[in-house]
Amino acid sequence: MWKNYLNITVRNLKRHPLFSFINISGLSIGLALCMLIALYLKDEKSFDMFHSKKDRIYRIVRDDIQPDGTATHDGNTGMKQGPAFKEAIPEIEAFVRIQSERLPVKVGNEVFEQEGMYADSNFFSVFDFPMKQGNPATALSGMYSVVLSEDVAVKLFGRKDALNNTIELPLGDDRAFIPFQVTGIVPHSPLNSSIDITMLLPIQLNQRRDGGDNSWLNFFLNSFVVLNENADPKTVEAKMEKVYTASARDEIREMREKFDFKGEMRYGLQTLKEMHLSTKYVSGNGLKDSSKPIYGNILGGIAIFILLIACINFVNLTLARSLKRAKEIGIRKVVGGERRQIIIQFLGETFLLCLIAFLLAVVLVFLALPVFNVLSGKSLSFAYLFDIKLLLVYLGLFLLTSLLAGFYPAFVLSAFDPVKTLYNRVRYAGKNYLAHSLVVLQFAIAAFLIISTITIYRQFNHLTGMDLGYNDKNLIMLRTEQMKSDRLHTFKNELLKDPSIVSIAGRQGGSWYTVAKVDGKSMDFALEVLDTTRFETYQIPLVKGRNLSPSFPSDSTSSVLVNEEFVRRAGWKDINGKQVDFFYDSLKYDVVGVVRDHHYESLAEKIGPQLFIMHPKYSYGELAIKVKEGQGAKAIDHIRKVSKELFPLVPFNYEYKDVTNKRQYEVEEKFQKIISYSAIMAIFISCIGLFGLASLAAEKRTKEIGIRKVLGDSVLGISSRLSIRFLQLVMIAVVIAIPAAWYALNTWLENYPFRINIGAGVFVFTVFILVLIALLTTGYQSLKAARANPVKSLRSE
Amino acid sequence: MIELKGISKWYNTGANKTYVLRDVDLIIREGEFVSVMGPSGSGKSTLLNILGMLDEPSEGYQYFMGEAVHLLKEKQKSNLYKKNVGFVFQAYHLIDELTVFENIETPLLYQDVKQSERKAMVADMLDRFNIVGKKDLFPAQLSGGQQQLVGIARALIANPKLLLADEPTGNLNSKQGEEIMQLFRKLNDDGVTIVQVTHSEKNAAYGSRVIDLLDGTII
Ligand SMILES: Nc1ncnc2c1ncn2[C@@H]1O[C@H](COP(=O)(O)OP(=O)(O)OP(=O)(O)O)[C@@H](O)[C@H]1O
Ligand SMILES: [Mg+2]
Numbered sequence: 049m050w051k052n053y054l055n056i057t058v059r060n061l062k063r064h065p066l067f068s069f070i071n072i073s074g075l076s077i078g079l080a081l082c083m084l085i086a087l088y089l090k091d092e093k094s095f096d097m098f099h100s101k102k103d104r105i106y107r108i109v110r111d112d113i114q115p116d117g118t119a120t121h122d123g124n125t126g127m128k129q130g131p132a133f134k135e136a137i138p139e140i141e142a143f144v145r146i147q148s149e150r151l152p153v154k155v156g157n158e159v160f161e162q163e164g165m166y167a168d169s170n171f172f173s174v175f176d177f178p179m180k181q182g183n184p185a186t187a188l189s190g191m192y193s194v195v196l197s198e199d200v201a202v203k204l205f206g207r208k209d210a211l212n213n214t215i216e217l218p219l220g221d222d223r224a225f226i227p228f229q230v231t232g233i234v235p236h237s238p239l240n241s242s243i244d245i246t247m248l249l250p251i252q253l254n255q256r257r258d259g260g261d262n263s264w265l266n267f268f269l270n271s272f273v274v275l276n277e278n279a280d281p282k283t284v285e286a287k288m289e290k291v292y293t294a295s296a297r298d299e300i301r302e303m304r305e306k307f308d309f310k311g312e313m314r315y316g317l318q319t320l321k322e323m324h325l326s327t328k329y330v331s332g333n334g335l336k337d338s339s340k341p342i343y344g345n346i347l348g349g350i351a352i353f354i355l356l357i358a359c360i361n362f363v364n365l366t367l368a369r370s371l372k373r374a375k376e377i378g379i380r381k382v383v384g385g386e387r388r389q390i391i392i393q394f395l396g397e398t399f400l401l402c403l404i405a406f407l408l409a410v411v412l413v414f415l416a417l418p419v420f421n422v423l424s425g426k427s428l429s430f431a432y433l434f435d436i437k438l439l440l441v442y443l444g445l446f447l448l449t450s451l452l453a454g455f456y457p458a459f460v461l462s463a464f465d466p467v468k469t470l471y472n473r474v475r476y477a478g479k480n481y482l483a484h485s486l487v488v489l490q491f492a493i494a495a496f497l498i499i500s501t502i503t504i505y506r507q508f509n510h511l512t513g514m515d516l517g518y519n520d521k522n523l524i525m526l527r528t529e530q531m532k533s534d535r536l537h538t539f540k541n542e543l544l545k546d547p548s549i550v551s552i553a554g555r556q557g558g559s560w561y562t563v564a565k566v567d568g569k570s571m572d573f574a575l576e577v578l579d580t581t582r583f584e585t586y587q588i589p590l591v592k593g594r595n596l597s598p599s600f601p602s603d604s605t606s607s608v609l610v611n612e613e614f615v616r617r618a619g620w621k622d623i624n625g626k627q628v629d630f631f632y633d634s635l636k637y638d639v640v641g642v643v644r645d646h647h648y649e650s651l652a653e654k655i656g657p658q659l660f661i662m663h664p665k666y667s668y669g670e671l672a673i674k675v676k677e678g679q680g681a682k683a684i685d686h687i688r689k690v691s692k693e694l695f696p697l698v699p700f701n702y703e704y705k706d707v708t709n710k711r712q713y714e715v716e717e718k719f720q721k722i723i724s725y726s727a728i729m730a731i732f733i734s735c736i737g738l739f740g741l742a743s744l745a746a747e748k749r750t751k752e753i754g755i756r757k758v759l760g761d762s763v764l765g766i767s768s769r770l771s772i773r774f775l776q777l778v779m780i781a782v783v784i785a786i787p788a789a790w791y792a793l794n795t796w797l798e799n800y801p802f803r804i805n806i807g808a809g810v811f812v813f814t815v816f817i818l819v820l821i822a823l824l825t826t827g828y829q830s831l832k833a834a835r836a837n838p839v840k841s842l843r844s845e
Numbered sequence: 252m253i254e255l256k257g258i259s260k261w262y263n264t265g266a267n268k269t270y271v272l273r274d275v276d277l278i279i280r281e282g283e284f285v286s287v288m289g290p291s292g293s294g295k296s297t298l299l300n301i302l303g304m305l306d307e308p309s310e311g312y313q314y315f316m317g318e319a320v321h322l323l324k325e326k327q328k329s330n331l332y333k334k335n336v337g338f339v340f341q342a343y344h345l346i347d348e349l350t351v352f353e354n355i356e357t358p359l360l361y362q363d364v365k366q367s368e369r370k371a372m373v374a375d376m377l378d379r380f381n382i383v384g385k386k387d388l389f390p391a392q393l394s395g396g397q398q399q400l401v402g403i404a405r406a407l408i409a410n411p412k413l414l415l416a417d418e419p420t421g422n423l424n425s426k427q428g429e430e431i432m433q434l435f436r437k438l439n440d441d442g443v444t445i446v447q448v449t450h451s452e453k454n455a456a457y458g459s460r461v462i463d464l465l466d467g468t469i470i
């Protein structure tokens, strides 16, 4: 029996190779995409799940609640919270604090730049990171010990055994290099770990350097706690609240008086398991970026869309072709086949086809994985596929697809009445509602994806091509050690000796936000340490007043500049006589000029108030160097030479500002690519489906076409009549897709303060593209059918 | 063997009933060879399909080997049918993707006959019809007469008691037709009850009785 079914299936496949190809490859592509995305999602969900105490490890997080009720959420804490909570709350078994810092590492005479992380000495007893060499219990207990990952050890020491060797780090007094002993080597951290160990140092070093920071109100690291087996995190949170209000009372009072601070702070616990996919408490300071779950969701959605399209193809093509098999079904019934047996036969056929598609999909996944890794920014390996749980997911996917694609055809076909089919009394026309609605759905999805692709692409271009308010072309950013004004000027003068360098401005390096009193009210703003050449280097025009200048000696101690937004927020009409009143050093500064607004942060943020100050107490840690067009390489050689002479211990570290800026949109870029690829896939699968349907429709109507031709209809008339039917379907699809896409994309765009508006253009374009595609795919078939010799098609009836 | 009592068949065309068979009474005894004749559209095929339980009458009583067909469930009807009835069509109706051997074998698949047994039965049948050499060919590679032989072989493979043939020679030349009729004659002699629809008096003469149908009534 099964052999008979198998023979039929295989012979049918062979007899219609194009058809079989369309059917199977479409499904393969859909399945392959689903598999890839399942891999991706599994990887996302598996983050940090390898720690055996994962159910008991929590991160201490904060909600800062403003007087108006709005809250900001933050995952950062300070040195104080961990020990204070542990001491007062018995449920807390242990705490670990981690903080990251990029450090120059000296080995012999060579200096490397290396990402490092400070951690408490019990780090290895809380987290499950195996150690290759060294004792995890004691590796971090010595003040001057360091644990390296294998790859960092190789980078620093080459092939030589790194354990017990010495490296030097600038962690002594005045940042002098002092020796550290390598006390442990760990393997490369798992890719699905939020904590990536590269170079691990005892956190006391950090504490010592910052003068034993014992404040409740300084937030710069991540604190984790381990709770008892039976502890309830809600109870612990309540206790934390009490500890905080009691212990931090004085500090809070001082803060309220000095800074006019009105907010309230709540401490909470976030489970380790949730951390990676949480967008509420952002990561940083030693934790890998958390993912926005929306991207996972969108990917999952796309996978389902594409699988749906592929299944629709399968159903449509199987159904369309099944009409040609009506005779077979009639015969099988006449010779004694029951409906149940016919259903089983056709379901079996679908399963077989799905199996082929499935195996092909595995091959496709294997081939596409490298590309997908680049797109998704992951390093998924093919071996991941053979995980039991994932295999079950795939098995489920396979069964679901087979049933989805096989059920309907099997039931429709098995219901054929043999008397009707064998006596040619079946009228197929009018029964195509399902096939047609499926085609409409398919093309609606394709249209949706096209519109999304174009819009995301436009938004991306909008972001990257937006006027930043300054010129980031040929602007090199160079990290230096902290320099006071005199050292900065020596450096600048040396650099300017090369004609490829146009101008240079020092910056403090990094962003810095603070608060001051303006007209008696407190105001938050970004503080910039100014070098007078700043605006000329960045090409930011002054809109009012004057730049700070050495020719006004009092400028450095009593004048500031602000941006336009600052003026707006302060509600000033004019800057004459306006002052900014700093709380912490009780100094008053005159506002002497206003510069044009520019994007000092990423374009994901609005331009806020900004203030430029030049007081000698501030130091500079970064240089902005404007070089002549086309002379960048020469300038960099010169900068490297001068840096090496002046700062032999600082690793040379520069980047073009436009490159840095572009990198801020990596997520958007990645996302845009993924969506475009999926759209192309979706369109491709839809097209082959349409192609198949058109060929079947043309075939089914050969007799009608033959008669029309004999009656004198033209080739053009016949083929356009055939194509128009499919065009109508495509148009309905577009009409459905447009409002859906419009709504979804507007929702997405609302995340961006600087966004494009969705115009009619994209819709017109999509309609145009789809009509073109539909015409091309169906046109060929229609034309072929219309040009066929009518005598031949009629005689064969 | 078969008894029809007051059998009618109609189709609803708009508000009206269009009668295809009207109040037909008919008895077919075991071992008969009956020919059904009548003009085109008179309901011959419909009658044959009802006799073979492929089609359901709209009204009336029907008995098949002592069973009241009008009372049977689908499943029981199907069992009764597949054990006892073989069908032969004017257009042969072979499955194009199966070989001669496989086509003849198909009914046995639905009767759960073991593979070895199936092989023997099909080999027998091929031998009996002199088409052993053609067993691996596909229908498209055979002449019309050969295809009809395969069709008959398939109808007979499960040893049915009743053979129903709807214009079995309609697509054949007269020599081929004659051969088929002689085959029927022989089958009937071996005890198979046969009902055939035919337009040819000559073919009808092979049978033992002729039923004339006009506008759905036996005359
Ligand atoms: N599904 C149906 N709906 C409406 N009328 C039908 C249907 N099936 C059959 N008929 C009608 O029933 C009548 C009898 O059909 P039938 O096939 O039994 O005739 P026939 O005697 O076998 O004719 P022929 O010699 O041409 O084969 C015809 O007029 C046909 O139009
Ligand atoms: Mg007929």
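Here the protein sequences come in this chain order: A and B. So for the first sequence, the numbering used here puts the first residue at 49; every next one is plus one. So for the second sequence, the numbering used here puts the first residue at 252; every next one is plus one. C-beta: ideal position from N, C-alpha, C; glycine also. Model, not experiment: these values are computed from the prediction.
Contacts that residue i makes with chain B (C-beta to C-beta distance below 7 angstroms)
| i | result |
| --- | --- |
| L470 of chain A | F340, H344 |
| P466 of chain A | L305 |
| I379 of chain A | H344, I346 |
| N60 of chain A | E348 |
Close beta carbons around residue i, own chain, < 7 angstroms, minus the five adjacent residues each side
| i | result |
| --- | --- |
| V155 of chain A | L204, F205, I215 |
| M323 of chain A | D96, R107, S242, S338 |
| G259 of chain A | Note that G259 of chain A has pLDDT 48, beneath the 50 cutoff, so the model's placement of it is unreliable and the number below is only indicative. There are no such residues. |
| N364 of chain A | A483, L486, V487, G737, L741 |
| A416 of chain A | A80, L84 |
| F446 of chain A | C402, F406 |
Close Cβ partners of residue i (< 6 angstroms) along its chain, the five nearest in sequence each way excluded
| i | result |
| --- | --- |
| T246 of chain A | E163, S197, V200 |
| K268 of chain B | W261 |
Residues of its chain near residue i, where Cβ-Cβ distance is below 8 angstroms and the 5 sequence neighbours each way are ignored
| i | result |
| --- | --- |
| R749 of chain A | L770, A833 |
| I382 of chain B | V351, Q397, L400, V401, A404 |
| R506 of chain A | I804, V810 |
Cross-chain neighbours of residue i in chain B, by beta carbon under 8 angstroms
| i | result |
| --- | --- |
| E752 of chain A | Correct list: empty, because the minimum Cβ distance to chain B is about 21 angstroms. |
| N52 of chain A | L349, E353, E356, T357, L360 |
| I56 of chain A | I346, E348, L349 |
| K748 of chain A | Within chain B, no residue comes near K748 of chain A; the closest Cβ sits about 17 angstroms away, beyond 8 angstroms. |
Cross-chain neighbours of residue i in chain B, by beta carbon under 9 angstroms
| i | result |
| --- | --- |
| L389 of chain A | Correcting the residue identity first, residue 389 of chain A is Gln in this sequence and not Leu. Going along chain B in sequence order, the residues near Q389 of chain A (Cβ under 9 angstroms) are L360, Y361. |
Length of the line joining the Cα atoms of residue i and residue j
| i | j | result |
| --- | --- | --- |
| F98 of chain A | D176 of chain A | 7 angstroms |
| I552 of chain A | A681 of chain A | 16 angstroms |
| P390 of chain B | L345 of chain B | 7 angstroms |
| Y192 of chain A | F268 of chain A | 22 angstroms |
| Y702 of chain A | A210 of chain A | 29 angstroms |
| V422 of chain A | N345 of chain A | 19 angstroms |
| L413 of chain B | I258 of chain B | 20 angstroms |
Neighbouring residues, chain A, relative to residue i (Cβ below 8 angstroms)
| i | result |
| --- | --- |
| S329 of chain B | G384, E386 |
### Message
Assess contact between the region 431 to 441 of chain B and the region 399 to 417 of chain B, defined as three or more Cβ pairs (one per stretch) separated by less than 8 angstroms. Is contact present?
### Response
Between the region 431 to 441 of chain B and the region 399 to 417 of chain B there are three or more inter-stretch CB-CB distances shorter than 8 angstroms, so the stretches are counted as touching.
### Query
If we count Cβ pairs, one from each stretch, closer than 8 angstroms, do we get three or more for the region 479 to 490 of chain A versus the region 707 to 724 of chain A?
no
### Query
Does the count of Cβ pairs from the region 781 to 793 of chain A and the region 719 to 726 of chain A closer than 8 angstroms reach three?
Counting Cβ pairs under 8 angstroms, fewer than three are found: no touch.
### Query
Does the pairing of the region 364 to 378 of chain A with the region 445 to 465 of chain A give three or more beta-carbon distances under 8 angstroms?
Short answer: they touch.
### Query
At a cut of 8 angstroms, does the region 522 to 531 of chain A reach the region 695 to 709 of chain A through at least three beta carbon pairs?
yes
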